[in-house]
Amino acid sequence: MSGYEFVLYEKQRGGVLITLNRPERMNSFNEGMRRDLHAALEEADADPEIRAIVLTGAGRAFSAGADMSTGIEGETVWPYGLPKETSIADFIDGWRNRDRTGIRRLQHMWELRTPVIGAINGWAMGWGSWYAICTHMTYASEDAVFAQPEVRHISNTNFMWTLLAGYKNALRYGLTGDHIDAKEAERIGIVNQSVPRDQLLETCFDLVERIAKVSPETVGVNLMVSTQGLNMMGLSQAWNLNAELSAIAHTSNREDFKRHIDEAGEKGGMRGYLQERDAPFQPEPFGPRSEKSTD
Numbered sequence: 002m003s004g005y006e007f008v009l010y011e012k013q014r015g016g017v018l019i020t021l022n023r024p025e026r027m028n029s030f031n032e033g034m035r036r037d038l039h040a041a042l043e044e045a046d047a048d049p050e051i052r053a054i055v056l057t058g059a060g061r062a063f064s065a066g067a068d069m070s071t072g073i074e075g076e077t078v079w080p081y082g083l084p085k086e087t088s089i090a091d092f093i094d095g096w097r098n099r100d101r102t103g104i105r106r107l108q109h110m111w112e113l114r115t116p117v118i119g120a121i122n123g124w125a126m127g128w129g130s131w132y133a134i135c136t137h138m139t140y141a142s143e144d145a146v147f148a149q150p151e152v153r154h155i156s157n158t159n160f161m162w163t164l165l166a167g168y169k170n171a172l173r174y175g176l177t178g179d180h181i182d183a184k185e186a187e188r189i190g191i192v193n194q195s196v197p198r199d200q201l202l203e204t205c206f207d208l209v210e211r212i213a214k215v216s217p218e219t220v221g222v223n224l225m226v227s228t229q230g231l232n233m234m235g236l237s238q239a240w241n242l243n244a245e246l247s248a249i250a251h252t253s254n255r256e257d258f259k260r261h262i263d264e265a266g267e268k269g270g271m272r273g274y275l276q277e278r279d280a281p282f283q284p285e286p287f288g289p290r291s292e293k294s295t296d
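Counting from 1 along the sequence shown, just add 1 to a position and that's the residue number in the working numbering.
Right, dumping it as structure tokens:
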């Protein structure tokens, strides 16, 4: 077992289980967990004993997305949306660099020669949903929830939703941030299958063992037939444009759509911020925050 601070790395059954391990933060991505995850992916990809990677999360979430625990309480901005003592040019360029780095990280996982199987347990929100659906094959527990709620506080979607779910489904959920459950995720094509939570890892490692019956060179080449084929069709260019447009989204702050959310965060912390942001969208169409069925 390799030593990482924010992920667990456990070789088993011809593969490796990589577990995002910040359960107290619902495995939200800070910079340390991003670094650890991609180092672990590189380690696994270089190990000839590992025939496939299973990626999951510790606790009740796969990942709640980017760590928003900093920068909400007491943030001072002037004019609205611009951090104090920061130029407009620096603000835009900073977001461009962050968004391009984020896309490169998704591309890194996507372009590995070792297949990555997502075992999506519980919440997969924002960046968590993007990492989840960018795994080469994706299985979800029946209690999984996918969403991009950050669009509700002025942020971006990801083109992978369009590639997998199709144009109309991607717009339905990318323009609202609405939640979808595992069955809806399976229906629109962002996961292979939804399974009972207690069968999730077993289902994924059964697939690892089946992959291991095929020669590693064949698996690697056939994985690239799909991933590089999609790149040749334009996925890389779409992702690069995604990064540029994401920076525009992040820097397009509007007081009438954002100040009340920020003020709620200043008063009530993260809980207040999220409650103010999401209240107008309740109930959600799917998942535990949807209306209870009367049937």
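Each residue gets a CB set at the ideal place from its N, CA and C atoms; glycine is no exception. Quick caveat: nothing in here was measured; it's all calculated off a predicted structure.
{"Query": "Skipping 5 residues on each side, what residues in its chain have a beta carbon closer than 6 Å to that of G60?", "Result": "P24"}
{"Query": "If you run the structure through DSSP and keep just helix, strand and coil, what is P24?", "Result": "helix"}
{"Query": "For V8, collect the residues of the same chain with a Cβ closer than 8 Å to its Cβ; drop the 5 residues on either side in sequence, then sort them by chain order.", "Result": "I19, T20, L21, N22, M34, D37, L38 and A41"}
{"Query": "Please go through the same chain and pick out, in chain order, the residues whose beta-carbon is closer than 7 Å to the beta-carbon of R198, but skip the five residues on each side of it.", "Result": "N122, S142, E143 and D144"}
{"Query": "In three-state terms, what does DSSP make of D182?", "Result": "strand"}
{"Query": "In whole angstroms, what separates the C-alpha of W204 from that of E44?", "Result": "According to the sequence as given, residue 204 is Thr; it is not Trp. One C-alpha to the other measures close to 23 Å."}
{"Query": "Take D279 and list the residues in its own chain whose beta-carbon comes closer than 6 Å to its own, dropping the five residues that flank it on each side.", "Result": "none"}
{"Query": "How close, in whole Å, do the beta carbons of I93 and A248 come, if the pair is a contact with beta carbons under 8 Å?", "Result": "6 Å"}
{"Query": "Name the DSSP beta bridge partners of L9, please?", "Result": "T20"}
{"Query": "Can you list, in chain order, the residues of its chain whose CB lies under 7 Å from that of Y81, leaving out five sequence neighbours each side?", "Result": "N254, E256 and R260"}
{"Query": "Once the 5 residues before and after T136 are set aside, which same chain residues still bring their CB inside 8 Å of it?", "Result": "L56, M110, V117, I118 and G119"}
{"Query": "Can you list the alpha helix (DSSP H) stretches of 4 or more residues lying completely in the segment 86-153, in chain order?", "Result": "89-111 and 128-134"}
{"Query": "Which residues in the same chain have their Cβ closer than 8 Å to the Cβ of L202, if we skip the five residues on either side of it in sequence?", "Result": "L18, V55, T57 and A120"}
{"Query": "Return the residue from the list S70, R114, F206 and D179 that minimises the CA-CA distance to L224.", "Result": "R114"}
{"Query": "Counting beta carbon pairs with one atom in the segment 229-245 and one in the segment 145-161, are three or more of them shorter than 8 Å?", "Result": "yes"}
{"Query": "Out of F258, A53, A133 and F63, point me to the one whose CA is closest to E210's CA.", "Result": "A53"}
{"Query": "Rounded to a whole number of angstroms, what is the C-alpha to C-alpha distance between P289 and F206?", "Result": "28 Å"}
{"Query": "Kindly indicate which three-state DSSP category G269 falls into: helix, strand or coil?", "Result": "helix"}
{"Query": "Buried or exposed for V196, please, with buried defined as at least 16 other CB atoms from any protein chain shown within 10 angstroms of its CB.", "Result": "buried"}
{"Query": "Using alpha carbons as the reference points, say which of A47, I51, S70 and A239 lies closest to S29.", "Result": "S70"}
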